[in-house]
Amino acid sequence: MIRILGTGMAGFGAAYRLRQEGFEDEITMYDKNSYFGGHTASFETDDGFIFDDGPHISFTDDERLQKLLAENIDHEYETLKATVNNYWRGHWIKHPAQCNLHGLPSDLIVKVIEDFIEAKHKTNGNIKNYKEWLYAKFGKKFAETFPMVYGKKYHTVEAENMDIDWLGPRLYQPELEEVLKGALEPSTPDVHYVDKFRYPTNHGFVHYLEKFKQLADIKLDHKVTSIEAQKRLIHFDNGKTVEYDEVISSIPLPEMITKIIEDVPNDVLEAGEKLACTSCIMVNIGIDNNDFTEAVWSYFYDTDIIFTRLSFPHLMSPNNVPPGCGSIQAEIYFSDKYRPVDRKLEDCVEPVIADLKRCGLIKEEDKILHKSTLFTKYANVIFDLDRQEALKIVHGYLDDIGIRYCGRYGDWGYQWTDQAFKSGEEAAQGMLDLAKY
Ligand SMILES: Cc1cc2nc3c(=O)[nH]c(=O)nc-3n(C[C@H](O)[C@H](O)[C@H](O)COP(=O)(O)OP(=O)(O)OC[C@H]3O[C@@H](n4cnc5c(N)ncnc54)[C@H](O)[C@@H]3O)c2cc1C
1 MIRILGTGMA
11 GFGAAYRLRQ
21 EGFEDEITMY
31 DKNSYFGGHT
41 ASFETDDGFI
51 FDDGPHISFT
61 DDERLQKLLA
71 ENIDHEYETL
81 KATVNNYWRG
91 HWIKHPAQCN
101 LHGLPSDLIV
111 KVIEDFIEAK
121 HKTNGNIKNY
131 KEWLYAKFGK
141 KFAETFPMVY
151 GKKYHTVEAE
161 NMDIDWLGPR
171 LYQPELEEVL
181 KGALEPSTPD
191 VHYVDKFRYP
201 TNHGFVHYLE
211 KFKQLADIKL
221 DHKVTSIEAQ
231 KRLIHFDNGK
241 TVEYDEVISS
251 IPLPEMITKI
261 IEDVPNDVLE
271 AGEKLACTSC
281 IMVNIGIDNN
291 DFTEAVWSYF
301 YDTDIIFTRL
311 SFPHLMSPNN
321 VPPGCGSIQA
331 EIYFSDKYRP
341 VDRKLEDCVE
351 PVIADLKRCG
361 LIKEEDKILH
371 KSTLFTKYAN
381 VIFDLDRQEA
391 LKIVHGYLDD
401 IGIRYCGRYG
411 DWGYQWTDQA
421 FKSGEEAAQG
431 MLDLAKY
């Protein structure tokens with residue numbers, strides 16, 4: 001029997017690959033939740049709003065996956081332009097800020113450009129952390145005013161305690177000409193790494209996964225509480241126990257190592273404890289106005305603004321809201337290791353509304369129709385300086401005891417939904433590559 005733990009993109013990626021090889025009754029998927037989809041879940045409220053479990057859009061450039069996802073929703077999707085902006089001390093600036101400085105205080109622009117030029121002329125030795133990388137790529141003033149402040153809000157950790165192996169295309173590195181033009185001109189070319197994206201027309205992001213449910217027998221409300229690797233047994237919180245020939249897990253590694261797998265050696269336990277992840281409180285707001293922003297999401301740099309990022313589900317699909325209404329999802333980040341959650345979810349609602357008003361996104365005359373909160377314990381992996389070494393130990397151990405891992409929280413990386421799906425496929429492929437299959 002093949003047991004797949006988790007029904008998110010990674011779990012379904014594994015099931016999909018196995019079904020391609022003719023496996024059927026041998027595959028069972030398990031999830032602790034009473035719903036499938038993991039982080040791609042969408043929640044429909046009684047008053048007609050749809051909020052995802054964190055803002056989710058599909059911007060994969062993999063044509064195979066684009067086709068697969070489109071077929072899953074009978075090609076009923078919206079195609080949107082990624083209009084993104086930043087808020088800094090009362091200024092709204094296009095994203096990315098480094099090439100859109102126009103309108104900011106002139107003293108700041110001058111200093112940013114001075115430092116940018118100085119950084120370009122410096123020879124950098126071996127860059128050891130994110131702070132050094134930011135200084136080298138953008139200069140001190142820009143680094144300290146924007147990405148270091150945002151990074152601390154989002155990742156919960158200081159830039160000098162972060163590695164740079166997560167960057168990929170995430171931070172655009174402009175030429176001097178682009179910085180100068182963006183400082184002088186109000187309109188600049190789009191350079192964001194996400195250009196266009198898709199979103200299901202109906203039922204929120206999770207609708208993309210609806211047809212994946214046919215891939216396997218799915219057991220919801222099955223929280224794995226322990227695994228006896230030697231006996232090949234999985235125990236669940238509802239008292240059930242199953243045997244396995246193969247197990248593919250997308251459960252977050254810290255849960256697996258410190259809570260689930262029995263008899264983990266001390267050095268592996270210590271490594272598991274070092275893996276850090278942000279948690280996110282999301283505040284969902286619905287209002288009787290849908291004309292307050294053009295951006296599909298916005299970044300907030302000010303430390304006295306409670307949220308780090310906002311997204312606007314009514315712009316993803318008009319069916320995410322009742323007619324004529326708008327919606328906002330605010331994200332506030334914490335982490336057990338660096339900034340433990342220090343408040344109740346409901347205590348975040350009024351501060352979010354107050355800051356939305358301060359930024360001018362909600363007007364006094366707007367009627368607030370919906371307020372709710374969501375919480376995700378595992379949001380973004382923190383690429384702190386402990387991660388690489390600890391991860392090597394944890395993955396090595398899982399390999400030794402024959403537990404396959406996949407997905408954002410099994411691979412412990414910065415994966416998007418398409419990458420998580422492929423990671424599941426690869427974990428299944430690893431199993432198929434063994435001679436016995
Ligand atoms: C705030 C936020 C915004 C994001 N935005 C985007 C975006 O716009 N576009 C994009 O492509 N990606 C986005 N992502 C990333 C995307 O969510 C992930 O890449 C993807 O959903 C990960 O899938 P997964 O299957 O690896 O993990 P998950 O979806 O977390 O699946 C793991 C599953 O394991 C289950 N599980 C955990 N513990 C147990 C247990 N003990 N027993 C049984 N089951 C268990 C969970 O319930 C879950 O269903 C975002 C992520 C976050 C946090």
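In terms of the numbering used here, the sequence shown has 152 at position 152, counting the first letter as 1, and numbering is strictly consecutive. No residue lacks a Cβ here, since even glycine has one placed at the ideal position from N, Cα and C.
Within 8 Å, strictly: CB atoms of residue i and residue j
{"i": "glycine 326", "j": "asparagine 380", "result": "no"}
{"i": "asparagine 72", "j": "tyrosine 199", "result": "no"}
{"i": "tyrosine 333", "j": "threonine 308", "result": "yes"}
{"i": "leucine 315", "j": "valine 296", "result": "yes"}
{"i": "threonine 188", "j": "cysteine 99", "result": "yes"}
{"i": "serine 279", "j": "lysine 377", "result": "yes"}
{"i": "glutamine 329", "j": "phenylalanine 59", "result": "no"}
{"i": "tyrosine 244", "j": "methionine 431", "result": "no"}
{"i": "phenylalanine 138", "j": "leucine 176", "result": "no"}
{"i": "tyrosine 405", "j": "serine 298", "result": "no"}
{"i": "histidine 102", "j": "alanine 183", "result": "yes"}
{"i": "alanine 271", "j": "isoleucine 401", "result": "no"}
{"i": "isoleucine 285", "j": "isoleucine 164", "result": "no"}
{"i": "lysine 181", "j": "alanine 82", "result": "no"}
{"i": "histidine 222", "j": "lysine 422", "result": "no"}
{"i": "glycine 204", "j": "asparagine 320", "result": "yes"}
{"i": "tyrosine 16", "j": "phenylalanine 146", "result": "no"}
{"i": "aspartate 53", "j": "leucine 374", "result": "yes"}
{"i": "lysine 141", "j": "valine 179", "result": "no"}
{"i": "glycine 424", "j": "glycine 413", "result": "no"}
{"i": "leucine 171", "j": "serine 34", "result": "no"}
{"i": "threonine 303", "j": "valine 149", "result": "yes"}
{"i": "leucine 134", "j": "aspartate 418", "result": "no"}
Nearest residue (CA-CA) to residue i, options the options
{"i": "tyrosine 130", "options": "Val110, Ala159, Gly103, Ala119", "result": "Ala159"}
{"i": "alanine 97", "options": "Asp62, Tyr77, Glu144, Gly54", "result": "Glu144"}
{"i": "methionine 162", "options": "Lys140, Glu132, Leu176, Leu184", "result": "Glu132"}
{"i": "threonine 156", "options": "Ser335, Ile109, Asp74, Ala183", "result": "Ser335"}
{"i": "tyrosine 397", "options": "Thr258, Leu171, Ile109, Ile306", "result": "Thr258"}
{"i": "leucine 434", "options": "Glu246, Arg64, Ala82", "result": "Glu246"}
{"i": "proline 252", "options": "Tyr16, His39, Thr373, Gly402", "result": "His39"}
{"i": "tryptophan 166", "options": "Val352, Thr417, Asp384", "result": "Asp384"}
{"i": "leucine 361", "options": "His91, Thr79, Glu76, Val110", "result": "His91"}
{"i": "methionine 282", "options": "Pro322, Phe142, Asp107, Glu331", "result": "Glu331"}
{"i": "aspartate 25", "options": "Ala216, Gly413, Asp386", "result": "Ala216"}
{"i": "lysine 211", "options": "Phe142, Gly125, Thr7, Asp411", "result": "Thr7"}
{"i": "lysine 153", "options": "His192, Gln173, Val194, Ile305", "result": "Ile305"}
{"i": "glutamate 185", "options": "Arg232, Lys120, Ile93", "result": "Ile93"}
{"i": "glutamate 44", "options": "Ala427, Pro313, Gln415", "result": "Pro313"}
{"i": "threonine 79", "options": "Ala70, Phe49, Lys363, Leu345", "result": "Ala70"}
{"i": "histidine 121", "options": "Val264, Ala41, Ala136", "result": "Ala136"}
{"i": "valine 84", "options": "His192, Gly168, Leu65", "result": "His192"}
{"i": "aspartate 267", "options": "Lys231, Phe236, Glu114, Ile393", "result": "Ile393"}
{"i": "leucine 345", "options": "Ser372, Ile27, Ala354, Lys363", "result": "Ser372"}
{"i": "glutamate 273", "options": "Tyr87, Leu391, Arg3", "result": "Leu391"}
{"i": "lysine 213", "options": "Gln429, Tyr409, Gly410, Ile27", "result": "Ile27"}
Bridge partners - residue i, DSSP secondary structure assignment
{"i": "histidine 235", "result": "Ser226, Thr241"}
{"i": "valine 247", "result": "Arg3"}
{"i": "cysteine 280", "result": "Tyr333, Thr376"}
{"i": "leucine 184", "result": "Looking at the DSSP assignment, leucine 184 forms no beta bridge with any residue, so it has no partner."}
{"i": "threonine 79", "result": "Arg198"}
{"i": "serine 42", "result": "Asp52"}
{"i": "glycine 286", "result": "Ser327, His370"}
{"i": "asparagine 86", "result": "Ile93, Tyr299"}
{"i": "valine 381", "result": "Cys277"}
{"i": "isoleucine 27", "result": "Ile2"}
{"i": "lysine 219", "result": "Tyr30"}
{"i": "tyrosine 154", "result": "Paired residue(s): none; tyrosine 154 is not in a bridge."}
{"i": "leucine 18", "result": "Bridge partners of leucine 18: none, in fact."}
{"i": "methionine 162", "result": "Asp384"}
{"i": "isoleucine 261", "result": "Ile227"}
{"i": "serine 106", "result": "Answer by DSSP bridge pairing: none, since serine 106 is not bridged."}
Assumed close pair residue i, residue j - CB separation to whole angstroms, cut-off 8 Å
{"i": "methionine 29", "j": "glycine 13", "result": "Not confirmed; about 11 Å, so no contact."}
{"i": "histidine 370", "j": "aspartate 47", "result": "5 Å"}
{"i": "phenylalanine 36", "j": "isoleucine 218", "result": "6 Å"}
{"i": "serine 311", "j": "proline 55", "result": "3 Å"}
{"i": "isoleucine 260", "j": "valine 224", "result": "6 Å"}
{"i": "aspartate 288", "j": "glycine 324", "result": "7 Å"}
{"i": "arginine 439", "j": "leucine 275", "result": "Within the shown structure, residues of the chain are numbered from 1 to 437, placing residue 439 beyond reach of any answer."}
{"i": "alanine 488", "j": "methionine 9", "result": "In the structure displayed, the chain extends from 1 to 437; residue 488 sits before or after that span and is not available."}
{"i": "glutamate 76", "j": "threonine 201", "result": "4 Å"}
Contact test: residue i Cβ vs ligand 3 heavy atom, cutoff 7 Å
{"i": "arginine 64", "result": "This structure does not include ligand 3; its bound ligands are ligand 1."}
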